[in-house]
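In this note's numbering, the protein residues as written are 16 to 304. By construction, the Cβ of each residue, glycine as well, lies at the ideal position given by its N, Cα and C atoms. Small disclaimer: the values here were computed from a predicted structure and weren't measured. Here's the structure, in structure tokens; my notes come after.
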């Protein structure tokens with residue numbers, strides 16, 4: 016496995032593979048790798064000739080008072096994990112390499128997809144995500160790229176960006192990887208205290224309960240869905256969660272839905288704070304019919 020820190024080194028390492036027509040897979044990460052990241056790497060390894068992973072804590076996607084400074088950065092452990100998983104090339108750029116001092120950077124935004132859910136309370140977050148991924152796509156020019164479904168809003172935004180900009184890369188959705196008790200894996204889970212960790216799985220349990228009600232037709236109208244959502248919110252708050260959002264949204268537009276239609280796919284999406292840790296989760300479902 017080769018580790019590079021500059022764009023020039025990265026392009027030089029990839030040039031022979033491009034000339035030979037190799038299929039190049041990209042797995043972008045911010046490091047602090049867990050089994051969810053490794054599952055994406057394994058999928059890329061089984062699909063592509065060359066696998067590139069990036070480790071870059073992107074400052075442009077963090078807002079004021081967020082956890083940029085304390086975000087975990089166990090680089091040596093991450094590099095070992097990449098090597099063990101079969102990564103060929105790891106790109107570990109500095110902030111100055113990605114964002115040269117004095118540079119001016121385009122702001123990418125898709126407001127109808129970013130003004131709610133995570134975007135409502137993290138203004139500018141997705142602008143930073145779209146910027147850094149667009150830069151990585153241009154630098155690496157992968158044929159394929161993998162992103163986890165846990166960050167479903169990010170994933171749909173990236174799929175939209177690729178489609179709208181005609182970027183020749185295929186986006187692959189990786190299923191959310193969970194602990195045995197249902198908690199979605201996240202690099203930020205390490206912030207949880209033992210007590211908070213014991214309560215955190217309720218977020219997924221409540222979403223699964225809501226999924227069951229929808230799929231069995233138990234929520235036939237707006238009033239029933241609203242009552243069910245209110246019940247979920249009440250139970251979560253009673254167990255110490257501070258809810259950021261809890262919503263049923265259209266999978267394509269991410270717009271909130273007040274009732275479900277069997278002809279459409281939906282996302283049950285939630286974000287909530289447990290102590291100082293912000294947890295997100297979602298379930299993609301097809302209504303019965």
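Would DSSP call residue i helix, strand or coil?
i           : result
residue 124 : coil
residue 162 : strand
residue 299 : strand
residue 54  : helix
residue 152 : helix
residue 107 : coil
residue 187 : strand
residue 16  : coil
residue 40  : strand
residue 280 : strand
residue 289 : strand
residue 147 : helix
residue 67  : strand
residue 262 : strand
residue 294 : strand
residue 180 : coil
residue 205 : helix
residue 214 : helix
Note down the Cα distance separating residue i from residue j, rounded to an integer number of angstroms.
i           : j           : result
residue 180 : residue 164 : 22 angstroms
residue 104 : residue 271 : 40 angstroms
residue 6   : residue 74  : With the chain running from 16 to 304 in the structure shown, residue 6 is simply not present.
residue 102 : residue 77  : 27 angstroms
residue 168 : residue 186 : 14 angstroms
residue 79  : residue 292 : 16 angstroms
residue 121 : residue 213 : 42 angstroms
residue 233 : residue 276 : 13 angstroms
residue 151 : residue 37  : 18 angstroms
residue 173 : residue 145 : 7 angstroms
residue 218 : residue 24  : 43 angstroms
residue 261 : residue 27  : 46 angstroms
residue 201 : residue 123 : 26 angstroms
residue 142 : residue 128 : 11 angstroms
Would residue i and residue j be called neighbours here (beta carbons separated by less than 7 angstroms)?
i           : j           : result
residue 41  : residue 155 : yes
residue 44  : residue 52  : yes
residue 264 : residue 284 : yes
residue 252 : residue 288 : no
residue 107 : residue 226 : no
residue 158 : residue 39  : yes
residue 199 : residue 193 : yes
residue 70  : residue 93  : yes
residue 96  : residue 48  : yes
residue 46  : residue 85  : no
If contacts are defined as beta-carbon pairs under 8 angstroms, then residue i and residue j qualify, I think. What distance do you get, rounded to the angstrom?
i           : j           : result
residue 216 : residue 197 : 5 angstroms
residue 65  : residue 113 : That pair is no contact at about 21 angstroms.
residue 126 : residue 133 : So it is not a contact: roughly 14 angstroms between Cβ atoms.
residue 259 : residue 286 : 4 angstroms
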